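Quick note, the sequences are listed as chains Z, F, R and L, same order. Start counting the first sequence at 17; every next residue gets the next number (the numbering used here). Start counting the second sequence at 17; every next residue gets the next number (the numbering used here). Start counting the third sequence at 17; every next residue gets the next number (the numbering used here). Start counting the fourth sequence at 17; every next residue gets the next number (the numbering used here). Backbone N, C-alpha and C define an ideal beta-carbon position, used for all residues, glycine too. Since the model is a prediction, treat every value here as computed from it, not as a measurement. For reference, the structure is listed below as structure tokens.
Protein chains: 4
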Amino acid sequence: MPMICLSDFEAYAKKHLPKTTWEFFAGGADECCTRDDNLLAYKRIRFRPRVLRDMSVIDTRTILLGTEISFPVGIAPTGFHQLACSDGEKSTARAAEAMNTCYITSTYSTCTVEEIAAAAPNGFRWFQLYIHRNRALSEGLVRRAEAAGFQGLVLTADLPYVGKRRDDIRNNFQLPPHMTVKNFEGVFEGILTKEDADLAMRHGVQGIIVSNHGGRQLDGGPATIDSLIEIVDTVQDRVEVYLDGGIRTGSDVLKALALGAKCVFIGRPALWGLTYKGEEGLREVLQILHDEFRLSMALTGCQNVSEIGRNLVQFSKL
Amino acid sequence: MPMICLSDFEAYAKKHLPKTTWEFFAGGADECCTRDDNLLAYKRIRFRPRVLRDMSVIDTRTILLGTEISFPVGIAPTGFHQLACSDGEKSTARAAEAMNTCYITSTYSTCTVEEIAAAAPNGFRWFQLYIHRNRALSEGLVRRAEAAGFQGLVLTADLPYVGKRRDDIRNNFQLPPHMTVKNFEGVFEGILTKEDADLAMRHGVQGIIVSNHGGRQLDGGPATIDSLIEIVDTVQDRVEVYLDGGIRTGSDVLKALALGAKCVFIGRPALWGLTYKGEEGLREVLQILHDEFRLSMALTGCQNVSEIGRNLVQFSKL
Amino acid sequence: MPMICLSDFEAYAKKHLPKTTWEFFAGGADECCTRDDNLLAYKRIRFRPRVLRDMSVIDTRTILLGTEISFPVGIAPTGFHQLACSDGEKSTARAAEAMNTCYITSTYSTCTVEEIAAAAPNGFRWFQLYIHRNRALSEGLVRRAEAAGFQGLVLTADLPYVGKRRDDIRNNFQLPPHMTVKNFEGVFEGILTKEDADLAMRHGVQGIIVSNHGGRQLDGGPATIDSLIEIVDTVQDRVEVYLDGGIRTGSDVLKALALGAKCVFIGRPALWGLTYKGEEGLREVLQILHDEFRLSMALTGCQNVSEIGRNLVQFSKL
Amino acid sequence: MPMICLSDFEAYAKKHLPKTTWEFFAGGADECCTRDDNLLAYKRIRFRPRVLRDMSVIDTRTILLGTEISFPVGIAPTGFHQLACSDGEKSTARAAEAMNTCYITSTYSTCTVEEIAAAAPNGFRWFQLYIHRNRALSEGLVRRAEAAGFQGLVLTADLPYVGKRRDDIRNNFQLPPHMTVKNFEGVFEGILTKEDADLAMRHGVQGIIVSNHGGRQLDGGPATIDSLIEIVDTVQDRVEVYLDGGIRTGSDVLKALALGAKCVFIGRPALWGLTYKGEEGLREVLQILHDEFRLSMALTGCQNVSEIGRNLVQFSKL
């Protein structure tokens, strides 16, 4: 079966992963309203395509906190990549390096930060930290990631409570026993309101990731693309704003950028790619998103990312 | 089958109750639009979660007309609990007492108020009264409930007409012959408009329950969560406002409190719990709602119920 | 099978009528959007029920152009009743007389006006006229109906073009050969805009029926309940306004009256009743609507039709 | 099977065409949201029918850039008609000539412009041009079409990128080897925004076709009927505005004209007609649209196309 779009990878993963793992990856909190709305919200946004332009050259590159990446799609922090492929986060790191984009490594990685760094020594990586009550433990993790060349620290703001994923409880989901969980521009992850965006900036962050953890934590919260405008309007270009959640096509990426995101990050689609063929599978996922994003730029008349602005979209009449 | 959420209890009850009883419990008036909208209306409300807060301590307690309960979910008045479990309302009273919350006993109980009081002598209970044309009968009921320690009287405002539940008519639903139907802060139940809220306050009530009787009376009326704002804005903190109808998760409870309810009451979910395992089943239902409500508070940044306000929610763009 | 609601009669008719006849009765123009929206539009209207009222006496009577009827539901003009029952319009006339309501007899009746009048000599009837190019023919019809005691003339405004009902074309629908088509306050039928309402009043009508012929003529026109407000606001009580299309429950009737209709008329439900048991079947249909309408009045706090006003309803948030 | 409406032709084509060809004709970009919304958007528009008018004569004729056609429906440029019938674009030209309407011939035709002209020497035709980088090639094509009697040139504004049609990629869709791709009032095709409409007028076009290529290029763009108002309001009668996309009934045509289109063009329905019976099949498709359009005019009170204005429609409450 040729892999044409991200849904093909999803179908593959659903078919080939153990049911318990699939449901762990796919699960959302409670009734999964927010998980599903993350995707549906993109359908309510319509492009206003411009056509009378020279589209002979299209440049998808962008710059994240000073570092250039090949296109504005990175890897969001998700845990336990060895559940998807045997090489786990090492494959993820290699794919992100090969595609020249940013990989946010989760605290809940099944490879150590040193292993990840060794696997892709030239990769652009940030480290995501859940702040433990044991501050010494957190500090140790941060130092190791910094030493391993991670260039940014992503602080997850909305924990330590875990959302209620019904399937995981039913499945009594637990990691296989051999898996263990293994630093620093500051980026805050999980902001969804202007009040918290203000507070985060007062704490000196350089960027904000608009995220609801794939709808896995609080059910009934807004789709991230719906929250994006409120955050973007609040920060007024003082810090960079990113988004994760619900990205499935290149035009979703373009919509997020039109509404003010500097870059988006993919979570579940990365896991589907790893499930399909490890590093190569994830590269395919990223390549498809790259090609679709570039085509969407072409078809809406954007030569480079600086030309993508809010007048490119409108909200659907329906 | 582990019971993870209230839907699991619903599925159990549907499978194990006689069809006629299930349909009596589940039925709504006419085409069941209002019954169904009671649930759907919660999906149109979105949280605005705050995340940058210390969530090490979360307090779910609240106070109803001067009496503290462990969390803002009580038992709404529904009739004929012996259709769900052999001990009937005695089980209901014990579960509510054990969970330290309020139980509104229906006029149409299959245990006497004295039996109910004896089963859970320390429980916090109100008595719901349909006002009979025979005023002496009503007065006698009220005196007995008062003597049995009931602390509040809930007056049902919108009767004596019974909604048209098609399944009950088809089933020729009647109570088994051995069942009989068996006091006093004033609370008015069934108010859905600002005009009636004003009138109720002029009659000196201390609280108002926004209710449409689970959509069993008038089809085409508003979902209770949609009516809540109008009532809350009208009473302006002069009396407490409660709500029943459509509560299925802890985040539904949080939404109702955010829109101004002091407490919510559950009807059908209590019957499902009783059907599952009598007192123990209902305690499980209440415990799940407690845990989900506490988690929703944590994930939206509310340390206690006084921090839950209207800025916590917005209406969905869809 | 007990007949509880109008849907039961619909199911019966669908099962027992020849497919061609069922499709002729059920069919709408083109894609049937307007036919279906006639019903769906009622779901977007919500009651604002008042409950703190004395409901010991409820009076459903109303007056149509000076004649009292038992409740505000009459029989809309539909053709070919012998397709539903052997006695055809004679049964219809008897049922309407028995229920003391108004029967608008169609030009396309399969009984003569004299036969209809003889069948129910005390009935309150109007005659609906399609204006033929042959004015003498029209005039003759009107004189006969007048002589037969018909008290009103309903002029159908929007013909002689016939809507495109796909099933009828596929079925090559034709009347059985033995059926023939057989008069005077002025009422104009088929008005949907304020411009036409103004024009009709300038022609001296006493009433206007807001109608789209059950969605059988123009597909893509508004639901009649959606058009009603525009017409009511235009005529400002100078003439009476009625409505047909989409009435399936007593609460639909109440919504139409709340939005300003003096009376509603039923089309397809009358045919279903005739199909079920002739005169008796149609009486059952009318009795169900009467009882449901009366219950809806009780549950919303209306003692008589003069208390039914626009503050009784609001449009749904969805 | 009698062919009653355009859906019947669609069903026939789906059943009889090779799957690969069917999917090539039917396919939309990515998730096909825009392709499907092209149709759905018409359902959100409601007529405001006028009925009190003399409808004895109805005139469907209109004039396109000075040339009269029998009704405002032409043939949109689509490629590869030999995939639908052996005579390819020669059949298309004959059907358009017979129905006296405009046929926009695609650059990707499988007959030469000379063959097309010879097949229907009196037909009214425009030639659609994708502008090649090889300007000499384009110029040559234009000169040949002009010599063959084509009266207009349609410039396609939004290429040379091809939308991502998943089924075509899966099918590895390619033209059979024997097929080859074979000029001049100026019309710009593919405009969807007021900015581009302004720009096009500054370039001196005489008309604008509001088009999204049947949703085959950019997914997530607006339905053409939704874009129409923006364009019409911008051009203010300085140039003619046309539309393609989603036309399936005569009332769709009427809605487009009410919102300001001078004429609409059909794409896929023309291919279905050709598939059914070549020239004759396409004539049937056009005849059905003509008859439905005329009936819609009659039922809304429009005697001729000059009476069709924006007050004929409103947007649905839903």
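If I measure Cβ to Cβ from residue i and keep anything under 6 Å in the same chain, skipping five residues before and after, which residues do I get?
| i | result |
| --- | --- |
| residue 264/L | 22 |
| residue 164/L | 129, 130, 133 |
| residue 127/L | 104, 105, 106, 198 |
| residue 160/Z | 129 |
| residue 239/F | 53, 54, 57 |
Run the CB neighbour count on residue i, radius 10 Å, all protein chains shown included, and call it buried at 16 or more, exposed below.
| i | result |
| --- | --- |
| residue 198/R | Any answer about residue 198/R is weak, because its pLDDT of 48 lies below 50 and its placement is not dependable; what the coordinates show is given next. Looking at its Cβ environment, which holds 16 or more other Cβ atoms inside 10 Å, residue 198/R is buried. |
| residue 322/R | exposed |
| residue 103/R | buried |
| residue 245/Z | exposed |
| residue 180/F | buried |
| residue 18/Z | exposed |
| residue 209/F | buried |
| residue 31/L | exposed |
| residue 295/F | buried |
At which residues does the beta strand (DSSP E) containing residue i begin and terminate?
| i | result |
| --- | --- |
| residue 78/L | 78–80 |
| residue 304/L | Element bounds for residue 304/L: not the beta strand (DSSP E) but the alpha helix (DSSP H), 284–316. |
| residue 260/R | 256–260 |
| residue 171/L | 168–172 |
Looking only at its chain, what residues have a beta carbon closer than 8 Å to the beta carbon of residue i, apart from the 5 residues adjacent to it on each side?
| i | result |
| --- | --- |
| residue 11/R | Chain R is shown only over 17 to 334; residue 11/R falls outside these bounds and no answer can be derived. |
| residue 311/F | 266 |
| residue 248/F | 257, 275, 276, 277 |
Please determine, among the options, the residue with the shortest C-alpha to C-alpha distance to residue i.
| i | options | result |
| --- | --- | --- |
| residue 26/Z | 320/Z, 293/Z, 154/Z | 293/Z |
| residue 33/R | 249/R, 98/R, 87/R | 98/R |
| residue 123/L | 158/L, 111/L, 313/L | 158/L |
| residue 73/F | 247/Z, 177/Z, 43/Z | 177/Z |
| residue 169/R | 184/R, 140/R, 190/R, 182/R | 140/R |
| residue 49/R | 146/L, 57/L, 326/L | 57/L |
| residue 46/Z | 120/Z, 59/Z, 93/Z, 182/Z | 182/Z |
| residue 94/L | 172/L, 248/L, 215/L | 172/L |
| residue 28/Z | 287/Z, 329/Z, 145/Z | 287/Z |
| residue 119/L | 125/L, 137/L, 92/L | 92/L |
| residue 66/R | 316/R, 320/R, 326/R, 205/R | 316/R |
| residue 81/L | 44/L, 125/L, 253/L | 253/L |
| residue 77/F | 327/F, 313/F, 326/F | 313/F |
| residue 228/L | 156/L, 243/L, 318/L | 243/L |
Below 7 Å, is the gap between the Cβ of residue i and the nearest heavy atom of the ligand ADP?
| i | result |
| --- | --- |
| residue 329/Z | Of the ligands one can find in the structure shown there are none, so the ligand ADP has no counterpart to examine. |
Check the C-beta distance from residue i over to residue j and give it rounded, since I have them as a contact under 8 Å.
| i | j | result |
| --- | --- | --- |
| residue 276/F | residue 289/F | Rounded, the Cβ-Cβ distance is 27 Å, inconsistent with contact. |
| residue 203/R | residue 142/R | 7 Å |
| residue 236/L | residue 63/Z | 5 Å |
| residue 274/Z | residue 324/Z | 5 Å |
| residue 223/F | residue 261/F | Incorrect: roughly 16 Å between the Cβ atoms, too far for contact. |
| residue 291/L | residue 100/L | 4 Å |
Take residue i and list the residues in its own chain whose beta-carbon comes closer than 7 Å to its own, dropping the five residues that flank it on each side.
| i | result |
| --- | --- |
| residue 187/L | 36, 39 |
| residue 330/Z | 62, 64 |
| residue 144/R | 93, 120, 121, 122, 123, 170, 172, 205 |
| residue 255/Z | 217, 221, 222, 223, 224 |
| residue 111/R | 295, 298, 299, 302 |
First and last residue of the alpha helix (DSSP H) that includes residue i?
| i | result |
| --- | --- |
| residue 129/F | 129–135 |
Along the segment 237–266 of chain L, what residues have a CB closer than 7 Å to any CB found in chain C?
The displayed structure is made up of protein chains Z, F, R and L, and chain C is not among them.
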